[in-house]
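Asks:
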Amino acid sequence: MSSKKFIKIIFAVFVILLSGCKATNKVTNTTVVAPLNARKIVKNHYKSSTVFKTLKGRAKVRYEDESRGQTVTANIRIEKGKTIWLSVSFLGIVGAKALITPDQVQYYNKLEKNYFDGDFSLLTDLLGTELTYNQLEDMLMGQAIFDLKDEKLESSVFNRSYKLQSSQNIPLFDKLFFVNSQNFKMAEQRLRQKDKARELSILYPEYQKVKGKILPKKIDIVASENTTSTKIAFEYRSVNFDEDISFPFKIPSGYKEIQIN
Numbered sequence: 479m480s481s482k483k484f485i486k487i488i489f490a491v492f493v494i495l496l497s498g499c500k501a502t503n504k505v506t507n508t509t510v511v512a513p514l515n516a517r518k519i520v521k522n523h524y525k526s527s528t529v530f531k532t533l534k535g536r537a538k539v540r541y542e543d544e545s546r547g548q549t550v551t552a553n554i555r556i557e558k559g560k561t562i563w564l565s566v567s568f569l570g571i572v573g574a575k576a577l578i579t580p581d582q583v584q585y586y587n588k589l590e591k592n593y594f595d596g597d598f599s600l601l602t603d604l605l606g607t608e609l610t611y612n613q614l615e616d617m618l619m620g621q622a623i624f625d626l627k628d629e630k631l632e633s634s635v636f637n638r639s640y641k642l643q644s645s646q647n648i649p650l651f652d653k654l655f656f657v658n659s660q661n662f663k664m665a666e667q668r669l670r671q672k673d674k675a676r677e678l679s680i681l682y683p684e685y686q687k688v689k690g691k692i693l694p695k696k697i698d699i700v701a702s703e704n705t706t707s708t709k710i711a712f713e714y715r716s717v718n719f720d721e722d723i724s725f726p727f728k729i730p731s732g733y734k735e736i737q738i739n
């Protein structure tokens, strides 16, 4: 596996914090959807934000690109607004760890004995659009990664979701949001850069309730550029909130630093 592909697998695991636990309630959407104006939808969306201090979870992650697929098991720990930590296992053996803060992205690969130590532009490059730490947390929790309160939006009902799209003509960058009509979390976020033939779709096909908190049960990410695409699928296994957690991370000596172009 190349270093660049491995980094993409690492990114895939960032999203595992939305894990479910044994005592969960499946959240479905079977009611008739009543039309709402965009302002009301946006207000309800931000009211639905999940409140937590720390999160500890476990998930199975499937990564696929044009040449191969890879399934990993991942453990993740989050201190809201400060740190995302993850440990990735292959066949029960820890193969890599990553540590993300608002200012830094680090990881090391035990299989290839190399490491990366850089800033958040790594994830921006992988997604094809600028991404901050807070946006990453929002994406993982089923929240919009852009501030909808700053957007001029039009609303409509589409496939039991509320569709929000800009009422302004933006020639180079399209943003489209579908809001779950039952819990007002995201159902899908779709971003497109027309001039670069890039598109990113973040889908939330199912939600669940864990200890009174509504979280995505599954997240599917599809990133495409021209004729190539990368797919990441998550299946969440366990989660605990607001426990004392630590972030053990130390790049082993003798590992080779890699540069991402």
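Using the working numbering, you'd call the opening residue of the sequence shown number 479 and step up by one each time. The beta carbon of each residue, even a glycine, is placed where N, CA and C say it ideally should be.
1) Taking the alpha carbon of T551 as the reference point, which residue from A574, I562 and K531 has its own alpha carbon closest?
2) With burial defined as no fewer than 16 other Cβ atoms inside 10 Å of the residue's Cβ, what is the status of G732: buried or exposed?
3) When DSSP labels each residue in this structure, what does S545 get in the three-state scheme?
4) Short check: CB of F741 to CB of L577, under 8 Å?
5) Residues in its own chain within less than 6 Å of E684 by CB, not counting five upstream and five downstream?
6) What does the alpha-carbon distance come out to for the pair C499 and G570?
7) With a floor of 4 residues, list each alpha helix (DSSP H) that falls wholly inside the segment 582–631, ordered by position along the chain.
8) Using the beta-carbon count (16 or more within 10 Å), is K653 buried or exposed?
9) The alpha helix (DSSP H) spanning R517 covers which residue range?
10) Using the three-state DSSP reduction, which class does K534 fall into: helix, strand or coil?
11) Taking contact to mean at least 3 C-beta pairs separated by less than 8 Å, is the segment 517–527 in contact with the segment 666–682?
12) With a CB to CB cut of under 7 Å and the five nearest residues on each side skipped, what residues in its chain are close to V636?
13) Nearest to A622 by alpha carbon, out of Q737, T561, F662 and E713?
Replies: Per the coordinate set shown:
1) A574
2) Exposed.
3) DSSP, reduced to helix, strand and coil, places S545 outside both helices and strands of the structure shown, so it counts as coil.
4) Outside the displayed span of the chain (479 to 739) sits residue 741, for which this structure offers no information.
5) K695 and K696
6) Bear in mind that a pLDDT of 31 at C499, under 50, signals an unreliable position, so the number given afterwards is only what the model happens to contain. Rounded to the nearest angstrom, the two C-alpha atoms are 20 Å apart.
7) 599–605 and 611–618
8) buried
9) A516 to K525
10) strand
11) no
12) It is Phe, not Val, that sits at residue 636 in the sequence shown. Excluding residues within five positions, the ones whose Cβ falls inside 7 Å are F656.
13) A check of alpha carbon separations from A622 across Q737, T561, F662 and E713 identifies F662 as the nearest.
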